[in-house]
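Colleague: There's a structure below that I have some questions on.
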Amino acid sequence: MDVAELDRILLVSAGVLLVAILAVQLSGKLGLPSLLIYLGMGLLLGESGLGIQFEDAQLAHALGFAALVIILTEGGLTTRWNEVRPVMPLGVVLATVGVAVSVGIVALIAHFLLGLDWQISVLLGAVQ
0 MDVAELDRIL
10 LVSAGVLLVA
20 ILAVQLSGKL
30 GLPSLLIYLG
40 MGLLLGESGL
50 GIQFEDAQLA
60 HALGFAALVI
70 ILTEGGLTTR
80 WNEVRPVMPL
90 GVVLATVGVA
100 VSVGIVALIA
110 HFLLGLDWQI
120 SVLLGAVQ
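All residue numbers for the sequence shown refer to numbering that gives the first Met the number 0, where the first residue is 0 and numbers rise by one.
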């Protein structure tokens, strides 16, 4: 890698970072989720947009996990408790009853359609 190529990479990276910062500001004003704007940026920068080639699946996997960590951290740090408190009962119901119903449906399907034992069916429902 020569200096000119490094300069191009740094210039593009700085541009993407600047657009990402502007996207957060825009999403706040428009009421859109910033993830939607980031998805659009990825489409524009990808092979079908500007044509940036990216073929390293392991690096994409690592970058995806890093982005997920940043997104979840940002969401947790910027959410106010007075916004969470009113929907907490519904969240608890979805986290318990919703999971139990989901496990039950998958276990029933696995037992009756696939002919698996109940223990394996419930285990399959729990890990789905």
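All C-beta atoms in this analysis are idealised placements derived from N, C-alpha and C, irrespective of residue type, glycine included.
1) Give the secondary structure of Glu73 by DSSP, where H, G and I count as helix, E and B as strand, and everything else as coil.
2) Spell out a yes or no on whether the segment 35–43 and the segment 14–27 are touching, meaning 3 or more CB-CB pairs, one atom from each, closer than 8 Å.
3) Distance, Cα to Cα, Leu93 vs Val2?
4) Check whether the Cβ atoms of Gln35 and Ser26 lie closer than 9 Å to each other.
5) When burial is assigned at 16 or more other CB atoms within 10 Å of the CB, is Ser101 buried or exposed?
6) Under a three-way DSSP split, which group does Leu115 fall into?
7) From Gly30 to Leu5, what distance separates their C-alpha atoms?
8) Indicate whether Gly103 and Gly90 have their beta-carbon atoms separated by less than 9 Å.
Modeller: The answer reads as follows:
1) helix
2) yes
3) 54 Å
4) Looking at the sequence itself, residue 35 is Leu, so the reference to Gln does not match. The answer is yes: Cβ separation under 9 Å.
5) exposed
6) coil
7) 37 Å
8) no
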